[in-house]
């Protein structure tokens, strides 16, 4: 057991180091200069622009040789310092992320979890109910195959503009200041519903199809046949099939949760919902090295944690892994 | 176990509701609170001797603690102690629709800075609504409007004296005086302050008395000075003098405290909210009152959302570029623009075609002239923009500067769309299709393969350069459009590796065409041209003329015209860059909740309806005093 985990941890540490290095390196390969891009928005007189540019290149430490910048980056990282955003100057990167990510969690965690539960249930039932298979499945295919952007725009247009039931922008009404009251909570949920629903629909289709196919596969497997031959009740067979079919779904879920910090770019654009996704896009466009680094660092950590969680969950839910480990230890 | 995810997601929702409720930054709430004043009169008899000034001290206390302060006096003094009793009143949480102005267009990301000396970063309204300038400038009338200054004049060639308005106060109640002005200008001695270079030609800024400041120049640059007078925001010395250089240049300055008509209310990821300053000096001194109690500026949404919000009346004033707005203005949706018909918008800056003069064949004036004739600007105006922009004058000067256009020079040397003429010029200069591929080769026989660039995603410009490339191809110049991302575009442009590009960054509306020429003929030419003259046009004669223009007093219109006419002649002869169209001052508004918008209509206020940086002090602020809520 210990050997299993220590080996896993070593691999994770290595992956982390490599991923963070690549994350640091790639933005610096982009053509252009972030400080120039930042100052190009200021419409400054030329002499002033020159002075400011050299000042800020020094201030951001971009005048140092690359290896020095790289070392400084690790040094700062171990002090918990992610630097200052260039695009959102002078806000520290960590605060940019902390202010934006809650909106994504609010949106994505319910959407992912609920669609996962609902998708798995419906998929499992559809696998053995003819009429459901004939209705839900095509619908699921249509939903997953629909370009998300299009679906979201149709939702926003139909329910937001034509019917005018839902708002089309913002996380809460522009006329409200956040406070604890029913008015505010209702408003928050009202603004949350469309983005949530669009994500839920698309993800639901994916999970349902996956589950249905897995169940059918498991029901055809040798162990199911054997159980059937032994005269085991259908319920029992299905229970086993379901447990086996869950495994890849759990991996998928964990990975989805791992990249939550990346936000939901398309949703944020279509519904003008604040979040980190759109900021990452703008950070890339503005070559904001520090914000890109910060965001991707969190994504890397998220994915690694999710993987680690899968490793543990597998031990719990899949006896085969447990057996494998004891065999290894012996 | 199965219920866990459901429970977790509910927990998430709940915790996020709670966390969203916690305002991002604590704001001291002291507005809108009815204040009862208790005046406690105490008579204090002190036997101690020797304190020079008889002092009457006013002590303002926030909590209900009655306080008596004993002040040492030589004589018996009647002293007032004012105790403000502040009852607990909940914050204003809903902004009433009829008191709130919703705007959009300036903010491209979450507001992160309220520091007026970070002009590329500060939140919408930081200069203009909160921090104010000595003068306002009205580009439509070419007038400087005394603002924090009561007057200002050149008392001699090298000395400028500003008289400040008495009675202006910072929003914390401190008076605004000459100390603040001197302090603000002296901040520029720090390298990282954007007006640092001012000190190359300014010798000193001295306080004469509390309301007079004297500026002595080593070399007065009148035009540039005129520009600074209305663009530099004054900051409070009493709050800033203890800050370190780093805090001043890189701090976010939250909450901002200025002399302006609005106070910081709150901000979040997608909005910036200002609330009216009820004690604004201009109400008392000039009888001006800004109509909206709240201004909520919405971080720029994507085009479709912005359009939807304007249509639904959820944004009152949008300064976004919205393609197709012309059909909505005509269509009876209650949306208006400055003009009810083409060109709909005022002109804000000039889009130039820059050509890289360090490369062949762009180094040949004949080739550049042929380019000018080859492009069908009307197609860009009509098809790409749907008539919301205007074709530029061959001089490139904005309509507000039309008095400086020397029509004789333009008639003689100007250009217009004429592909035959373009071909003729090319043939005369020796450009000929030698290898029969349908494109001309240079006179020395070398192949011409050129690219024209604009940033990816700037859809109007992307379409425009397709028109330009088509025009060039029609006269057999092999020019292809290319769309690198902004960083790549900017890198090619400033580094001088591009062939041709569109740019307009420094051609903005201002008090003087000097800013325009200073950008167009930026000098000296270095490896990195970050602010104009991207094509590296090197002509000392025109550089000298631009400096000469800068040294011409702003009132000397004739003198300015004379210099500008010379510049125009050189510009139109050499064609280092070609002006094609005026980008609009994008502004569309919905009159459902607010009326009396500024426009070209008769009787309407003539102020710029614009929330962008630098426009509040170009009369947009006065627009707020004219708006009327719909009953």
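Residue numbers (the working numbering), protein chains in the order written: chain D, 62 to 391; chain E, 40 to 670. Glycine is no exception: its CB is placed at the ideal position from the N, C-alpha and C atoms.
Review point. For residue 302 (chain D) versus residue 285 (chain D), is the C-beta distance shorter than 8 Å?
Key: Here residue 302 (chain D) is taken as the residue at index 241 of the first chain, counted from 1. Here residue 285 (chain D) is taken as the residue at index 224 of the first chain, counted from 1. In contact: residue 302 (chain D) and residue 285 (chain D) (Cβ atoms closer than 8 Å).
Review point. Does residue 148 (chain E) get closer than 8 Å to chain C when you measure Cβ to Cβ?
Key: Going by chain labels, chain C is absent from the structure shown, which instead holds the protein chains D and E.
Check your understanding: Within 10 angstroms of its Cβ, does residue 183 (chain E) collect 16 or more other Cβ (buried), or is it exposed?
Key -> In the second chain, counting from the first residue as 1, residue 183 (chain E) sits at position 144. Residue environment: residue 183 (chain E) is assigned as buried (16 or more neighbouring CB atoms within 10 Å of its CB, all protein chains considered).
Review point. What three-state label does DSSP hand residue 79 (chain E) in the structure shown?
Key: Taking the first residue of the second chain as position 1, residue 79 (chain E) is located at position 40. Bear in mind that a pLDDT of 39 at residue 79 (chain E), under 50, signals an unreliable position, so the number given afterwards is only what the model happens to contain. Strand.
Point to revise | Buried versus exposed call for residue 223 (chain D) [16 or more other C-beta atoms within 10 Å across all chains shown] | key: Walking along the first chain from the start, residue 223 (chain D) turns up at place 162. When all chains shown are included, residue 223 (chain D) counts as exposed.
Review point. Taking Cβ-Cβ distances below 7 Å as the criterion, which residues of the segment 501-530 of chain E are in contact with chain D?
Key: Taking 7 Å as the Cβ-Cβ cut-off against chain D, the residues of the segment 501-530 of chain E that qualify are 524, 525, 526, 527, 529 and 530.
Review point. What whole-angstrom Cβ distance do residue 255 (chain D) and residue 216 (chain D) have, given they're in contact under 8 Å?
Key: Here residue 255 (chain D) refers to the residue found at position 194 of the first chain. Here residue 216 (chain D) refers to the residue found at position 155 of the first chain. Indeed they touch by this definition, with Cβ atoms about 6 Å apart.
Exercise for review: Taking only beta-carbon positions, decide if residue 106 (chain D) is within less than 8 Å of chain E.
Suggested key: Locating residue 106 (chain D) in the first chain gives position 45, where the first residue counts as 1. At a cut-off of 8 Å between beta carbons, residue 106 (chain D) contacts chain E.
Review point. Are the Cβ atoms of residue 644 (chain E) and residue 656 (chain E) separated by less than 8 Å?
Key: Taking the second chain and counting its residues from 1, one reaches residue 644 (chain E) at position 605. Taking the second chain and counting its residues from 1, one reaches residue 656 (chain E) at position 617. Cβ atoms of residue 644 (chain E) and residue 656 (chain E): not closer than 8 Å.
Exercise for review: Figure out for me which residue from D:323, D:241 and D:382 has the closest Cα to the Cα of residue 164 (chain D).
Suggested key: Working through the first chain from its first residue, we reach residue 164 (chain D) at position 103. Per the C-alpha coordinates, the member of D:323, D:241 and D:382 positioned closest to residue 164 (chain D) is D:323.
Check your understanding: Does the separation of the CB atoms of residue 393 (chain D) and residue 329 (chain E) fall below 8 Å?
Key -> There is no way to answer for residue 393 (chain D), as the model of chain D reaches only from 62 to 391.
Check your understanding: Closest to residue 147 (chain E) by CA distance: which of D:177, D:121 and D:148 is it?
Key -> Here the question's residue 147 (chain E) lines up with position 108 in the second chain. Distances from the CA of residue 147 (chain E) to each of D:177, D:121 and D:148 were compared; the closest alpha carbon is that of D:148.
Practice item. Compute the distance between the beta-carbons of residue 493 (chain E) and residue 423 (chain E), then report whether it is under 8 Å. Key: The sequence position of residue 493 (chain E) within the second chain is 454, counting from 1. The sequence position of residue 423 (chain E) within the second chain is 384, counting from 1. With contacts defined by Cβ atoms closer than 8 Å, residue 493 (chain E) and residue 423 (chain E) do not form a contacting pair.
Practice item. Locate the beta strand (DSSP E) running through residue 301 (chain E), then write down its first and last residues. Key: What you label residue 301 (chain E) is simply residue 262 of the second chain in a count that begins at 1. First-last of the beta strand (DSSP E) with residue 301 (chain E): 301-307.
**Study point:** For residue 661 (chain E) and residue 260 (chain E), the rounded distance between their alpha carbons
**Key:** Here residue 260 (chain E) refers to the residue found at position 221 when the second chain is read from its first residue. Here residue 661 (chain E) refers to the residue found at position 622 when the second chain is read from its first residue. Each residue's Cα considered, the two are about 28 Å apart.
**Study point:** Beta carbon of residue 227 (chain D) nearer than 8 Å to that of residue 168 (chain D)
**Key:** Here the question's residue 227 (chain D) lines up with position 166 in the first chain. Here the question's residue 168 (chain D) lines up with position 107 in the first chain. Between residue 227 (chain D) and residue 168 (chain D), the CB-CB gap reaches or exceeds 8 Å.
Review point. Is the segment 139-148 of chain D close to the segment 174-182 of chain D, with three or more CB pairs under 8 Å?
Key: Two segments are said to touch when three or more pairs of C-beta atoms, one from each, lie closer than 8 Å; by this definition the segment 139-148 of chain D does not touch the segment 174-182 of chain D.
Exercise for review: Would you identify the three-state DSSP class for residue 98 (chain D), choosing helix, strand or coil?
Suggested key: Within the first chain, the letter at position 37 stands for residue 98 (chain D). DSSP places residue 98 (chain D) in helix when its eight states are reduced to three.
Check your understanding: Quick one: what's got a C-beta closer than 6 Å to residue 375 (chain D)'s C-beta in the same chain, skipping five residues either side?
Key -> Within the first chain, numbered from 1, the residue matching residue 375 (chain D) stands at position 314. Excluding positions up to five away in sequence, the list reads 382.
Check your understanding: Leaving out the 5 sequence neighbours to the left and right, which residues in its chain are closer than 7 Å to residue 508 (chain E) when beta-carbon positions are compared?
Key -> In the second chain, the residue the question calls residue 508 (chain E) occupies position 469. Residues 491, 518, 519 and 520 of the same chain have their beta carbon placed closer than 7 Å to that of residue 508 (chain E), with the five preceding and five following residues left out of the count.
Point to revise | Under 7 Å by beta carbon: chain E residues contacting residue 252 (chain D) | key: The count along the first chain starts at 1 and reaches residue 252 (chain D) at position 191. Neighbourhood of residue 252 (chain D) in chain E, by CB distance below 7 Å: empty, with the nearest CB roughly 10 Å away.
Check your understanding: Which first and last residues belong to the alpha helix (DSSP H) in which residue 269 (chain E) is found?
Key -> Position 230 of the second chain, counted from the first residue, corresponds to residue 269 (chain E). Where residue 269 (chain E) is concerned, the enclosing alpha helix (DSSP H) stretches over 261-270.
Point to revise | Runs of alpha helix (DSSP H) wholly within the segment 319-351 of chain D (minimum 4 residues, chain order) | key: Taking only runs of at least 4 residues, the alpha helix (DSSP H) segments lying wholly in the segment 319-351 of chain D are 326-331 and 337-346.
Review point. Relative to the alpha-carbon of residue 97 (chain D), which residue among E:605, E:602, E:583 and E:570 has its alpha-carbon at the smallest distance?
Key: Indexing the first chain from 1 puts residue 97 (chain D) at position 36. The option with the nearest alpha carbon to residue 97 (chain D) is E:570.
Point to revise | Span separating the alpha-carbon of residue 650 (chain E) from that of residue 275 (chain E) | key: Numbered from its first residue, the second chain carries residue 650 (chain E) at position 611. Numbered from its first residue, the second chain carries residue 275 (chain E) at position 236. Distance between residue 650 (chain E) and residue 275 (chain E), taken at the CA atoms: about 24 Å.
Point to revise | Whole-number beta carbon distance between residue 300 (chain E) and residue 315 (chain E), since they are thought to touch under 8 Å | key: Translated into positions along the second chain, residue 315 (chain E) becomes position 276. Translated into positions along the second chain, residue 300 (chain E) becomes position 261. Confirmed, Cβ separation roughly 7 Å.
Point to revise | Run of the beta strand (DSSP E) containing residue 313 (chain E), from where it starts to where it stops | key: Along the second chain, one-based indexing puts residue 313 (chain E) at 274. First-last of the beta strand (DSSP E) with residue 313 (chain E): 310-315.
Check your understanding: Looking at C-alpha atoms only, which residue of E:197, E:303 and E:452 is the closest neighbour of residue 211 (chain E)?
Key -> Indexing the second chain from 1 puts residue 211 (chain E) at position 172. Selected option, being the one with the closest Cα: E:303.
Exercise for review: Quick one: grab the DSSP three-state call for residue 520 (chain E).
Suggested key: Working through the second chain from its first residue, we reach residue 520 (chain E) at position 481. Note: residue 520 (chain E) maps to strand in three-state DSSP.
Exercise for review: Taking residue 377 (chain D) as the query, report the chain E residues whose CB atoms sit under 9 Å from its CB, ordered along the chain.
Suggested key: Here residue 377 (chain D) corresponds to residue number 316 of the first chain, with the count starting at 1. Near residue 377 (chain D) there are no residues of chain E at all, since even the closest Cβ is about 10 Å away, more than 9 Å.
**Study point:** Residue closest to residue 223 (chain E), alpha-carbon to alpha-carbon, out of E:171, E:262 and E:198
**Key:** Counting from one through the second chain, the residue named residue 223 (chain E) turns up at place 184. Residue nearest to residue 223 (chain E) within the set E:171, E:262 and E:198 is E:171 (criterion: CA-CA distance).
Exercise for review: Return no unless some Cβ of chain D is closer than 8 Å to the Cβ of residue 272 (chain E).
Suggested key: Here residue 272 (chain E) corresponds to residue number 233 of the second chain, with the count starting at 1. No, residue 272 (chain E) does not count as interfacial toward chain D.
Review point. Leaving out the 5 sequence neighbours to the left and right, which residues in its chain are closer than 7 Å to residue 255 (chain E) when beta-carbon positions are compared?
Key: Here residue 255 (chain E) corresponds to residue number 216 of the second chain, with the count starting at 1. Excluding residues within five positions, the ones whose Cβ falls inside 7 Å are 197, 198, 242 and 243.
Practice item. Can you tell me which of the three DSSP states residue 98 (chain E) falls into? Key: Walking along the second chain from the start, residue 98 (chain E) turns up at place 59. Here the model assigns residue 98 (chain E) a pLDDT of 39, short of 50, so the residue's position is not dependable and the matter cannot be decided.
Point to revise | Close Cβ partners of residue 273 (chain D) (< 6 Å) along its chain, the five nearest in sequence each way excluded | key: Locating residue 273 (chain D) in the first chain gives position 212, where the first residue counts as 1. Once the five neighbours on either side are set aside, the close Cβ partners of residue 273 (chain D) are 184, 187 and 188.
Check your understanding: DSSP three-state call for residue 183 (chain E): helix, strand or coil?
Key -> Numbered from its first residue, the second chain carries residue 183 (chain E) at position 144. It is a strand residue.
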